[in-house]
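First residue of the sequence shown? That's 363 in this note's numbering, and the numbers climb one at a time after it.
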Amino acid sequence: MSNTTFEEVGRVLSEHHQFAVLGHVRPDGDALGSQLALGLSLRKLGKNVRIWNEEGMLEKYSFLPRGELLTKPPATEEHVDVAIALDTAIQNRLGTSLAAIGSAKIWINIDHHLTNPGYGDLVIIDPSAPATAEIIFRLIKSQRLPFDHDIAENLFAAISSDTGSFQYPKTSARTLEIAAELVRAGDLDVGKISQQLYENYPRRRLELLRELLRTMRFSESGRVATFGLSLRTAGELGVIPEDNEGLIDHLRAVRGVIVAVFFEELPDGKVRISMRSKDERIDVSAICQTFGGGGHTLAAGARVLGTLAQVEQKVLEEIDEAVKRAGLS
Ligand code: 5GP
Ligand code: MN
């Protein structure tokens, strides 16, 4: 399936009035920053814009400029001309935001997930982009859409967070050039943004990490590392979903580890799996797809029915196979 051009998307944006800019459930910095950046640009263009996420604005990202504009969707349906899904690999990961769209004349789908099937009328999927925000930047620039300091800061924070602070392999010269352009054009304070992103966690998050490290396991070969969180422990610590974003990086960072997995028991009888790879030969999005999930080659996830122990066993078997197939065991 081929992508729509930026020109075509730009034309649709200029020709309509009522917009909803949506992002995935359990949002990360890329989803929220991309939503705010595009939403702010459309507002400056004089459009009527709703910016909705199932969870509303997370405490952790509340420093993002104009973060108050990003709200939970209403309980009753609303009609818009154009609904835009950002950073959302499958449409139903829009959650209650999807339910709040009564109807839309046009759906636009902009994303960087390899596993995105291309739902919607106008589709731009670029799996080479390390963040959806990089695609939003190129859209805004190429179509000369409104741009200002607040838009720049949202895009920079989104790109920084989805590249693990410009570390992950998809961070390219283009990514760094875009980052530089954002810093220059928006006169951004990189140190301050980074502190808000990486040095402003509640103490609770470290207490959670302590519990996760207690459950840490390595496979015999040392290639696979896991930890898990039961509902009970989560309840005792009072953790909220946003607390665990990024903790899996501690497992991936261990020498010799190729695949890291985080198992999180959910209240609905499912287990959320969050998976990372350090080697292109192990495609964790393919492994997660066998469990109904998806994502990127090196970072993916799924929600699987079963107890922690059951899901852990099934998933570890699948990983074991993949490691063997790649000749890495
Ligand atoms: P995380 O482990 O940080 O939650 O997610 C890693 C990547 O996998 C993200 O890009 C996310 O969009 C994707 N992902 C996580 N969970 C799911 C899921 O249940 N289904 C699909 N399709 N993608 C997921
Ligand atoms: Mn993303």
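Every residue gets a Cβ at the ideal spot worked out from N, C-alpha and C, and that includes glycine.
_Endpoints, beta strand (DSSP E) assigned at F624_ = F624 -> beta strand (DSSP E) spans V621 to E627.
*Could you tell me which residues DSSP pairs with R634 in its beta bridges?*
The secondary-structure analysis by DSSP pairs R634 across a beta bridge with E626 and R665.
*How far does the beta strand (DSSP E) with T588 in it reach, from first residue to last?*
The continuous beta strand (DSSP E) containing T588 extends over residues V586 to L591.
*Taking F368 as part of the alpha helix (DSSP H), name the residues at either end of that continuous run.*
Where F368 is concerned, the enclosing alpha helix (DSSP H) stretches over F368 to E377.
*Is D392 helix, strand or coil when you go by DSSP?*
In the structure shown, D392 falls within a helical segment according to DSSP collapsed to helix, strand and coil.
*Could you have a look at S459 and say whether DSSP puts it in helix, strand or coil?*
Note: S459 maps to helix in three-state DSSP.
*asked:* Which residues neighbour the ligand MN when neighbourhood means a C-beta less than 7 Å away from any of its non-hydrogen atoms? List them by chain order.
replied: Taken from the N-terminal end onward, the list reads D390, D392, A393, D449, H474, A493, T494 and D524.
*Give every residue of the same chain whose Cβ lies closer than 6 Å to the Cβ of L660, excluding the five residues on either side of it in the sequence, and list them in chain order.*
Result list for L660: S639, in chain order.
*Could you spell out the range, first to last residue, of the alpha helix (DSSP H) harbouring Q558?*
Under the DSSP assignment, Q558 falls in the alpha helix (DSSP H) whose first and last residues are V552 to Y560.
_Nearest-angstrom Cβ-Cβ length linking G553 and A514, presumed shorter than 8 Å_ = Incorrect: roughly 16 Å between the Cβ atoms, too far for contact.
*When every heavy atom of the ligand 5GP is checked, does at least one fall within less than 7 Å of the C-beta of R455?*
Taking non-hydrogen atoms of the ligand 5GP into account, the C-beta of R455 is found less than 7 Å away from one of them.
*When D512, L593, Q672 and T477 are compared against D630, the one with the closest alpha-carbon*: With respect to the C-alpha of D630, the residue from D512, L593, Q672 and T477 having the closest C-alpha is L593.
*Just confirm the distance between the C-beta atoms of T393 and I463, as a whole number of angstroms; I'd bet it's less than 8 Å.*
Looking at the sequence itself, residue 393 is Ala, so the reference to Thr does not match. So it is not a contact: roughly 17 Å between Cβ atoms.
*Taking the CB atoms as reference points, tell me whether L695 and D483 lie closer together than 8 Å.*
There is no way to answer for residue 695, as the model of the chain reaches only from 363 to 691.
*Assign E539 to one of three DSSP states: helix, strand, or coil.*
Correct three-state label for E539: helix.
*Tell me which same chain residues have a C-beta within less than 6 Å of the C-beta of T533, skipping the five on either side of it?*
The answer, listed in chain order, is P492 and T525.
*Could you tell me the distance, in whole angstroms, from the CA atom of R579 to the CA atom of A615?*
Between R579 and A615, the C-alpha separation is close to 14 Å.
_Classification of G634 by the beta-carbon crowding that lies within 10 angstroms, buried from 16 upward_ = According to the sequence shown, residue 634 is Arg rather than Gly. With 16 or more Cβ atoms within 10 Å of its Cβ, R634 is classed as buried.
*For K467, count neighbouring C-beta atoms within 10 Å of its own C-beta (all shown protein chains included) and say buried if the count is 16 or more, exposed if not.*
K467 comes out exposed.
*May I ask which residues mark the beginning and end of the beta strand (DSSP E) holding F381?*
Element bounds for F381: Q380 to G385.
_Extent of the continuous beta strand (DSSP E) to which H441 belongs_ = Note, H441: beta strand (DSSP E), E440 to L448.
*Proximity to E543 [Cα-Cα], best of F499, Q505 and Q557*: The residue with the shortest Cα to Cα distance from E543 is F499.
_Distance check for R643 and N415, CA to CA, integer angstroms please._
Approximately 34 Å between the Cα atoms of the pair.
*Anyone know if the C-beta pair for I446 and L507 falls short of 8 Å?*
In this structure, I446 sits away from L507, with a CB-CB distance that is not shorter than 8 Å.
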